[in-house]
Amino acid sequence: MLLNLPLELIQLILLKCTTQTFLQVAFSCRTLYGIASNYREALAHHLRQTPGFRRNQNISSTDTKQLFQILKQHAFQQLYGSQFRANCTKFNIGEQILNVPASSLASFGNKTLIFTTCQDQRLVHVFQVADGKLTSLAQLKLPWDQSGRLEVSKIAFDGEDKIYVLQRFTPAIDEHGPDAEHPFIRQAKESSRYGKVYLTRHSLQCPDGLVRICDFVDDGDIDPSALAVNCQGTFAIVWHHRQYADCSIQLYTGIEEAPHDPTSNLIGLTCQSIILKDWAPPSPPGEAVERRLITDLEFNDRSMQLLYYYQSRTLYRAFQSCLSESPHLYRNSTPVTFTPSLSLLFSIGIPFFGTHETESQNGFETCRWRYLALGIATHRQENWTVACLMRSEAVCRASNCGHELNLDRGRRLTDWVIAARLWGFRDATSSLGCKVATSRDGTRIAVSNWKTIYVWALDPGSLIDLNENEYYPPSWQSSETGLIDLPPMVLHTGAVCFQLCFTREENELVAITDQGFMLWDLRASGTGNRTSQVVDV
826 MLLNLPLELI
836 QLILLKCTTQ
846 TFLQVAFSCR
856 TLYGIASNYR
866 EALAHHLRQT
876 PGFRRNQNIS
886 STDTKQLFQI
896 LKQHAFQQLY
906 GSQFRANCTK
916 FNIGEQILNV
926 PASSLASFGN
936 KTLIFTTCQD
946 QRLVHVFQVA
956 DGKLTSLAQL
966 KLPWDQSGRL
976 EVSKIAFDGE
986 DKIYVLQRFT
996 PAIDEHGPDA
1006 EHPFIRQAKE
1016 SSRYGKVYLT
1026 RHSLQCPDGL
1036 VRICDFVDDG
1046 DIDPSALAVN
1056 CQGTFAIVWH
1066 HRQYADCSIQ
1076 LYTGIEEAPH
1086 DPTSNLIGLT
1096 CQSIILKDWA
1106 PPSPPGEAVE
1116 RRLITDLEFN
1126 DRSMQLLYYY
1136 QSRTLYRAFQ
1146 SCLSESPHLY
1156 RNSTPVTFTP
1166 SLSLLFSIGI
1176 PFFGTHETES
1186 QNGFETCRWR
1196 YLALGIATHR
1206 QENWTVACLM
1216 RSEAVCRASN
1226 CGHELNLDRG
1236 RRLTDWVIAA
1246 RLWGFRDATS
1256 SLGCKVATSR
1266 DGTRIAVSNW
1276 KTIYVWALDP
1286 GSLIDLNENE
1296 YYPPSWQSSE
1306 TGLIDLPPMV
1316 LHTGAVCFQL
1326 CFTREENELV
1336 AITDQGFMLW
1346 DLRASGTGNR
1356 TSQVVDV
């Protein structure tokens, strides 16, 4: 025990240990707190090792107690000790079984929303997450009054008002009735063995209002694996065969509504579709895109493109224009210099932070755009994986610039450099893959990997400048690569994490898990409290 050691030895340990260990020791008991908070040499040393503190700053006239407060302030910004201090509230649904694969997270203005349903329920629940609370916002009734089996595949939100629910309904047929052997009854049973897939569209503002519904022609052997929607009423679905590698990606646009029946709140919707991509074995010659199951879709760049996320992959692996019927998919793969002697092929995500500056060059006003994004690469021979924060920039004439930040546009850039490495990142070993979330101001990035969540604290302004302001001290640079290594704060959830999202707060993180919803509070005021609440559904 430290208190059994001489004071000089305790001080030496406090001076030589890491800053995180220094703070853990300081807060372990009152005696060690008194020693640490009054040990000026150690405080000055750890301040210079902590990002955000100017190493040339004169602290000779600063009170020792104040130095300790400054160190705590900078340390809390870096999430030091948050793995012990973070509060977690777990929301479970009692005896019901949550349909986790169908559930989704979305942002709506300043709101963070959860869309979910339970097995054997014909309701979709909408919850709002804010200030450590989970509040029921709406319930959507799915339009099935007859007996049968309902399976909800996906729930998606268009970002404004419309909620899309992709579902398969199989009506019940009396197999033991007096007419069970009638040819028509046998045919009906065979044709309805797998039911039929439907899409319903609901309004968040008017959850009890009219519901649009459309059905899809299928042969019973295909299932939807991904759904993406936009606010223009367009949606895309990935259909895959149950047994084979056949896959089809189709884009739908609602073109006609049936007359409204006053006795029902349903309106039939006719959709026009085009096939964006159609795979059927054998693979086409020269096919360069992975033939894994597509598990997620995302509209990008004002809905002009679709991004494809594959099973077990963290970032999207391919993209395609959806403005025309084109079968060509492009790989998300960009060569980037990792070290002076090594270049890696990075998959680069949608930028999560950007800046815009207008300056004068040679008598012309120009605008400079810079973007920060997550990139992941795997060494082809040695099979190790690295995650980095990537920086890219573009310059245009001010007269041609809209002066409005569009992070989606940054995905088009190809000239990327590494700003920092996310030390401690581990590639997924499950088919679920890793899930990524970034906070609104870009100061936090979180990655879930099965039952573990890694959170990195960032200063995006310094990283996008490639640390020109020396926000990160030299001790944070790797001796092997020369890159800034950002250490993670690790949260052990005890539950498999399927989706992840920051709320409007930089230090509030919500996760959909196989055991319910989890809300993590990473603020410095946390006490490591763990609570559980039952949500009434």
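According to our numbering, the sequence shown is numbered sequentially starting from 826. We put the CB at the ideal spot given by N, CA and C, even for glycine. Remember, it's a predicted structure, so these values are computed and weren't measured experimentally.
Who are the near neighbours of S1357 in its chain, counting only those whose CB is closer than 7 Å to its CB and skipping five residues on each side? Excluding positions up to five away in sequence, the list reads K915 and N917.
Just mark R993 as buried or exposed, buried being the case when its beta carbon has 16 or more other beta carbons within 10 Å. Buried.
Grab the span of the alpha helix (DSSP H) containing K841 for me, first residue to last. Note, K841: alpha helix (DSSP H), L832 to K841.
To the nearest angstrom, how far is the alpha carbon of I895 from that of T875? C-alpha separation (whole angstroms): 11 Å.
Tell me the rounded alpha-carbon separation between A1143 and F1163. Straight-line Cα distance between these residues: approximately 22 Å.
Would you call the CB atoms of A981 and L1094 closer than 8 Å? No. Outside cutoff.
For L1101 and S1073, what's the separation of their Cα atoms in angstroms? Taking the straight line from one Cα to the other gives about 8 Å.
Grouping DSSP H, G and I as helix and E and B as strand, with all else coil, what is H1066? When secondary structure is reduced to three states using DSSP, H1066 falls in the strand class.
Nearest to S1256 by CA position, among I1119, C1213 and Q1206, is which residue? That would be I1119, whose Cα lies nearest to the Cα of S1256.
Check E866 in the structure and name its three-state DSSP category. E866: helix per DSSP, three-state reduction.
Could you compute how far the alpha carbon of L827 sits from the alpha carbon of L904? Going by the C-alpha atoms only, they are around 25 Å apart.
When you compare the CB positions of L1288 and A1244, do they come within less than 8 Å of one another, or not? Yes, Cβ-Cβ distance for L1288 and A1244 is below 8 Å.
Does DSSP classify S1089 as helix, strand or coil? If DSSP states are grouped into helix, strand and coil, S1089 belongs with coil.
Using C-beta distances below 8 Å, list every residue in its chain close to H1007, excluding the 5 sequence neighbours before and after it, in chain order. Below a pLDDT of 50, predicted positions are generally treated as unreliable, and H1007, at 45, falls in that range; the measurement from the model is reported next regardless. The answer is none, since no qualifying residue turns up.
For a test of the three-state rule: what should DSSP assign to T1078, helix, strand or coil? If DSSP states are grouped into helix, strand and coil, T1078 belongs with the strands.
Tell me, please, whether the stretch 1023 to 1037 touches the stretch 1084 to 1094 by the rule of three or more beta-carbon pairs shorter than 8 Å. The stretch 1023 to 1037 is in contact with the stretch 1084 to 1094.
Between which two residues does the beta strand (DSSP E) harbouring P1084 extend? Counting along the chain, P1084 falls outside any beta strand (DSSP E), and DSSP gives it neither H nor E.
Could you name the residues of the same chain whose beta carbon sits closer than 8 Å to that of Q1130, not counting the 5 residues immediately before and after it, in chain order? Contacts found: F1124, F1144, Q1145, S1146 and C1147.
Looking only at its chain, what residues have a beta carbon closer than 7 Å to the beta carbon of T844, apart from the 5 residues adjacent to it on each side? The answer, listed in chain order, is H871, Q874, T875, A900 and Y905.
Run through DSSP, which three-state label would T1254 get? Look at T1254 here: in three-state DSSP terms it is coil, with no helix or strand label.
I895 lies in the beta strand (DSSP E); which residues open and close that run? Per DSSP, I895 belongs to no beta strand (DSSP E); it is in the alpha helix (DSSP H), T889 to Q902.
Run the CB neighbour count on D1346, radius 10 Å, all protein chains shown included, and call it buried at 16 or more, exposed below. Counting the other Cβ atoms within 10 Å of the Cβ of D1346 gives 16 or more, which makes it buried.
Grab the span of the alpha helix (DSSP H) containing Q908 for me, first residue to last. From DSSP, the alpha helix (DSSP H) with Q908 extends over S907 to R910.
Among A997, K958, R1026 and Q964, whose alpha-carbon lies nearest the alpha-carbon of Y989? The residue among A997, K958, R1026 and Q964 with its C-alpha nearest the C-alpha of Y989 is R1026.
Can you grab the Cα-Cα spacing for the pair P1109 / H1153, in whole Å? For P1109, the predicted structure reports a pLDDT of 47, less than 50, and the residue's modelled location is therefore unreliable. A value from the coordinates is still provided. Cα to Cα, the separation comes out at about 11 Å.
When you compare the CB positions of A1271 and L1311, do they come within less than 8 Å of one another, or not? For the 8 Å CB-CB criterion, A1271 and L1311 do not form a contact.
Residue from M1314, D1046, Y1023 and G1058 whose Cα sits closest to the Cα of R1067: Nearest in C-alpha terms to R1067, of all of M1314, D1046, Y1023 and G1058, is D1046.
According to DSSP, is R974 helix, strand or coil? The answer is strand: DSSP assigns R974 an E or B state.
Specify the secondary structure class of W1194 as computed by DSSP and reduced to three states. Taken through DSSP and simplified to helix, strand or coil, W1194 comes out as strand.
From P996 to A927, what does the alpha carbon distance come to, in whole angstroms? Here the alpha carbon of P996 sits roughly 21 Å from the alpha carbon of A927.
Kindly give me the distance between the Cβ atoms of R1216 and L1197, rounded to whole angstroms, as I take these residues to be in contact under 8 Å. That pair is a contact at about 6 Å.
Excluding the five sequence neighbours on either side, which residues of its own chain have a C-beta within less than 6 Å of the C-beta of L1247, listed in chain order? If the five residues before and after L1247 are omitted, its C-beta is found closer than 6 Å to the C-beta atoms of A1212, W1281 and L1311, all from its own chain and listed in chain order.
Taking only three categories from DSSP, how would you classify H871? DSSP places H871 in the helix class (H, G or I) of the three-state scheme.
Note down the Cα distance separating N1055 from H1181, rounded to an integer number of angstroms. Cα to Cα, N1055 sits roughly 27 Å from H1181.
Check for me: the alpha helix (DSSP H) holding I922 runs from which residue to which? Annotation for I922: no alpha helix (DSSP H) segment contains it, and DSSP assigns it neither H nor E.
Round the Cβ separation of R1156 and Q1136 to the nearest angstrom and send it over; I've been treating them as touching at under 8 Å. About 16 Å separates the two Cβ atoms, so there is no contact after all.
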